[in-house]
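Undergrad: Supplied in structure tokens, the structure appears directly below.
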Amino acid sequence: MSWEGLLIGKLNFHFFLIWLASCGWGTSLRVYRGLLSDQPQPNINSQFFLLRTISPSEIPSFHNTLHQSILISSDVLNLSALRGSLNQLTISRRNTIKPICDLASLLVVERMVFCGKPSGGCHACRARKTKCDKISEGCTQCFRAKRECPGYRAQGDLVFRDESSNVARKAKAKEAKKQRALKSAPLSVLPPPEEEASLELVQQKDSHLLTLQLAPTIEDLAVGFFISNYVIENNRPHRGHLDPIQDMTRVGELDEGLLSSMKAVGLAGFAHASHAPHLVKNARYQYMRAIQSTNIALRDPESAKKDSTLMSIMILGIFETITGTEQKSIKDWSEHIKGAAAVIKLRGPDQIKTSVGRRLLVHVTAYLMIACMNKGIALPSHMIDYMTAAFELVKTPDPAFIIQDTMVRFSTLHADMVQKKLTDRETILSKCLELDAKLLKIQTDPQPGWEYTTVFTEEESEHVFNGRYHVYHDYWMAQMWNTLRTARILLNEVIRNTLLEGFSTSPPAFSSAEHTAQFQISTDTMYEMQADTLYSVPQHIGYFPQGETHFQTVAEVDQSNLPSIKMSGGAFLMWPLWLAGILDVSTEEIRRFVKNNLDFIGTTMGIKQAHVLADVLEAKTPIQVWQDDLD
0 MSWEGLLIGK LNFHFFLIWL ASCGWGTSLR VYRGLLSDQP QPNINSQFFL LRTISPSEIP
60 SFHNTLHQSI LISSDVLNLS ALRGSLNQLT ISRRNTIKPI CDLASLLVVE RMVFCGKPSG
120 GCHACRARKT KCDKISEGCT QCFRAKRECP GYRAQGDLVF RDESSNVARK AKAKEAKKQR
180 ALKSAPLSVL PPPEEEASLE LVQQKDSHLL TLQLAPTIED LAVGFFISNY VIENNRPHRG
240 HLDPIQDMTR VGELDEGLLS SMKAVGLAGF AHASHAPHLV KNARYQYMRA IQSTNIALRD
300 PESAKKDSTL MSIMILGIFE TITGTEQKSI KDWSEHIKGA AAVIKLRGPD QIKTSVGRRL
360 LVHVTAYLMI ACMNKGIALP SHMIDYMTAA FELVKTPDPA FIIQDTMVRF STLHADMVQK
420 KLTDRETILS KCLELDAKLL KIQTDPQPGW EYTTVFTEEE SEHVFNGRYH VYHDYWMAQM
480 WNTLRTARIL LNEVIRNTLL EGFSTSPPAF SSAEHTAQFQ ISTDTMYEMQ ADTLYSVPQH
540 IGYFPQGETH FQTVAEVDQS NLPSIKMSGG AFLMWPLWLA GILDVSTEEI RRFVKNNLDF
600 IGTTMGIKQA HVLADVLEAK TPIQVWQDDL D
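In numbering that gives the first Met the number 0, the protein residues as written are 0 to 630.
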């Protein structure tokens, strides 16, 4: 086999971000809309039943829903808290909503009390408790007593009587009695009465009015679960993988398609992680609604350009990752990325003017770039122009942009090699070494915020490789570091394979000590990047065993600053982890470590597609859907 064939085969097999199953960058919106139209449409009335506590007309606006969901997200950072919220939801559905009687005096309502059937007699007969015959001209009793009959009361005014003052007085007295009891009683924590579980009364600072709040629906909980896992770090400045959603809400872009896709991923994630399969039906329903809304948005040129439309398509891809149990799910995921790539082209150069637009461009370009590498073609010129313009617009480029720019250049280099526009080995080595040097500088001299801690531990665990693990500031940072490592693995694999091909020619194309040394350096770099990827496993799955760093014990490290476990950690770890397992330099020990943790992500974290990758790794075969696309 020629060195070009060997090189292409290695790249196509090892590139973890070949997530995109041979999707061309030129996919049109029309094709993507056609794919969406093939999906079954939701049957709102019969096939899918959504748990609700209020009617649709009572649901707040989308922005208020997200605001409430962000508050809810603090309660659903772990599964036990979410189960408690679901239990509360069940209670709220079973009980009638009532005001809390102890605070009834604070409600500004007119308390009209039904007083039973009133007496129709005149006042004189009622006072003497004698029977009144209620004759219209005057009763017989008053006529016989030779007194003027005072007349009769209007019955309609007597059925209900205003008791507001009495009720308020009694409620205040009861509340005062309770406060005295609380002051004298020892401090304790008691569960709220069952009938109060679905209602909260909040006293406003500027009035005595109280706001009645209904318990969150299962859909609200799903949005909160999504936000806490993919968007924000609760009560911390840490970023999530999809933190641009926060900026979208500030400009009013939380439309129906995006909200439905968030609900779909939130419901699917919780259903799998908590082994609640009955929620999968709800998740599928929201997924279909999101597809329907996205299809409608893509028909409108203005809606198609919105950040929310692009983000919704990306989240639909995450849904395929969570729910996919067969290799076909990888292809389904790639179809959504093709749609996102088509939207990027439609959005034009204006998208780089906002930070949200630039972040989305980086995300989609990464997926599109790998698709182009898989097909041996370069990125389209307009995508390169967008990335170059974004890079120049940011005066102090974030390392993430440098990594992305390096990958774009490598993609072009790879396309030239595949198409045999570039065949000179020395030129290939020179260009790859130049790109690798940029990434090495980020690695050896990280900017503030890009540092991470290496913790050494003697605890034996299937999640800790070689007795150590890394702690990063947040999951976004961990993802960027693994992207850098992936890029360095690919670059050094090209260098290594090019040198091997040169060593094997007759006479040898490379015979100097410098070339031999570079071969060893590239091999060592691949081992190092592979190991560093494995060291990132504990944080991604939420496992932090005790240990020590070079300078301080873990007890001295602020454990509260460790990011909480997130489902997105497993979703974004599985591909670089899979790459580490399939490398030629991988040992059987590494393969077992990778497979065990992929299965853990699939079983415990609920990312079903991880099982697919674990099976492929164990079988030592390529992913079949990729092969079918290449044939």
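For glycine and all other residues, C-beta sits at the position ideal for the given N, C-alpha and C.
Just so it is clear, the structure is predicted and the values come from calculations on it, not from any experiment.
From the DSSP output, in three-state form, read off residue 543 for me.
TA: Coil, per DSSP.
Undergrad: In the DSSP output, what is residue 470 paired with across the bridge?
TA: 452
Undergrad: From this set, 279, 303, 297, 255, which residue's C-alpha is nearest residue 288's C-alpha?
TA: 255
Undergrad: Rounding to the nearest angstrom, what Cα-Cα distance links residue 61 and residue 321 in this structure?
TA: Residue placement at residue 61 is poorly supported in this model, since its pLDDT is 39, which falls under 50; the coordinates still yield a value, given next. Distance between the alpha carbons of residue 61 and residue 321: 25 Å.
Undergrad: Indicate whether at least one CB of chain B lies closer than 9 Å to the CB of residue 462.
TA: Protein chains in the displayed structure number just one, and chain B is not present.
Undergrad: What does residue 269 pair with, by DSSP beta-bridge criteria?
TA: Residue 269 pairs with nothing; no bridge assigned.
Undergrad: Measure the C-alpha to C-alpha separation of residue 599 and residue 592 and round it to an integer number of angstroms.
TA: The C-alpha of residue 592 is placed about 11 Å away from the C-alpha of residue 599.
Undergrad: Could you spell out the range, first to last residue, of the alpha helix (DSSP H) harbouring residue 617?
TA: 608-618
Undergrad: By the DSSP assignment, the alpha helix (DSSP H) with residue 586 in it spans what residues?
TA: Looking at the DSSP string, residue 586 is not in any alpha helix (DSSP H), and its letter there is neither H nor E.
Undergrad: Nearest-angstrom Cα distance between residue 343 and residue 515?
TA: Distance between residue 343 and residue 515, taken at the CA atoms: about 44 Å.
Undergrad: Please classify residue 506 as buried or exposed, where buried requires at least 16 neighbouring CB atoms within 10 angstroms.
TA: It is exposed - the Cβ of residue 506 has fewer than 16 other Cβ atoms within 10 Å.
Undergrad: Looking at the ligand FMN, does it come within less than 8 Å of residue 532, judged from the CB to the closest heavy atom?
TA: Absence of the ligand FMN is noted for the structure shown, with no ligands found whatsoever.
Undergrad: Where does residue 517 land, buried or exposed, given buried means 16+ other C-beta within 10 angstroms?
TA: By the Cβ neighbour-count rule, residue 517 is buried, with 16 or more other Cβ atoms within 10 Å of its own.
Undergrad: Helix, strand or coil, according to DSSP, for residue 464 in the structure here?
TA: strand
Undergrad: So the candidates are 295, 253, 314, 308; which of them puts its Cα closest to the Cα of residue 228?
TA: Of 295, 253, 314, 308, the residue nearest in Cα terms is 314.
Undergrad: Residue 295 lies in the alpha helix (DSSP H); which residues open and close that run?
TA: 277-297
Undergrad: Take the Cβ of residue 308 as the centre, count every other Cβ of all protein chains shown within 10 Å, and call the residue buried at 16 or more, exposed below.
TA: So residue 308 ends up on the buried side.
Undergrad: Could you round the C-beta distance between residue 324 and residue 311 to whole angstroms and report it? I think they count as a contact, below 8 Å.
TA: Taking the Cβ atoms as the reference, residue 324 lies roughly 23 Å from residue 311, outside the contact range of under 8 Å.
Undergrad: Could you have a look at residue 338 and say whether DSSP puts it in helix, strand or coil?
TA: helix
Undergrad: Return the chain-ordered list of same chain residues with a C-beta closer than 7 Å to the C-beta of residue 434, the five sequence neighbours on each side being excluded.
TA: 405, 408, 409, 490
Undergrad: Could you check whether residue 575 and residue 482 sit closer than 9 Å to each other, using their CB atoms as the reference points?
TA: yes
Undergrad: Any idea what DSSP makes of residue 125, helix, strand or coil?
TA: helix
Undergrad: Select from 476, 525, 298, 261 the residue whose C-alpha is nearest the C-alpha of residue 448.
TA: 476
Undergrad: Tell me the rounded alpha-carbon separation between residue 361 and residue 402.
TA: Looking at the two C-alpha atoms, the distance is approximately 10 Å.
Undergrad: Our contact map puts residue 573 next to residue 612 with C-beta atoms below 8 Å; I'd like the distance itself, whole angstroms only.
TA: 6 Å
Undergrad: For the alpha helix (DSSP H) that residue 604 lies in, which residues bound it at each end?
TA: From DSSP, residue 604 is part of no alpha helix (DSSP H); its letter is neither H nor E.
Undergrad: Considering only residues of the stretch 350-431, which uninterrupted alpha helix (DSSP H) runs meet the minimum length of 4 residues and lie entirely inside it, listed in chain order?
TA: Here the runs fully enclosed are 354-374, 380-392, 398-417.
Undergrad: Have a look at residue 143 and residue 137 and give me their C-alpha separation to the nearest angstrom.
TA: 11 Å
Undergrad: Measure the Cβ-Cβ separation of residue 345 and residue 388 and say whether it is below 9 Å.
TA: With respect to the 9 Å criterion, residue 345 and residue 388 are not classified as neighbours on the basis of their beta carbons.
Undergrad: In three-state terms, what does DSSP make of residue 307?
TA: helix
Undergrad: Cutting at 8 Å between CB atoms, please list the residues of its own chain near residue 467, excluding the five before and the five after it.
TA: 453, 454, 455, 456, 534, 546
Undergrad: Check for me: the alpha helix (DSSP H) holding residue 220 runs from which residue to which?
TA: 217-225
Undergrad: Return helix, strand or coil for residue 88, following the three-state DSSP convention.
TA: Residue confidence is low: residue 88 scores 44 on pLDDT, short of 50, so the model does not pin down where it sits. Its coordinate-derived value is still stated next. Helix at residue 88.
Undergrad: Measure the alpha-carbon distance for residue 350 versus residue 589 and round it to whole angstroms.
TA: 42 Å
Undergrad: Could you compute how far the alpha carbon of residue 570 sits from the alpha carbon of residue 486?
TA: 19 Å
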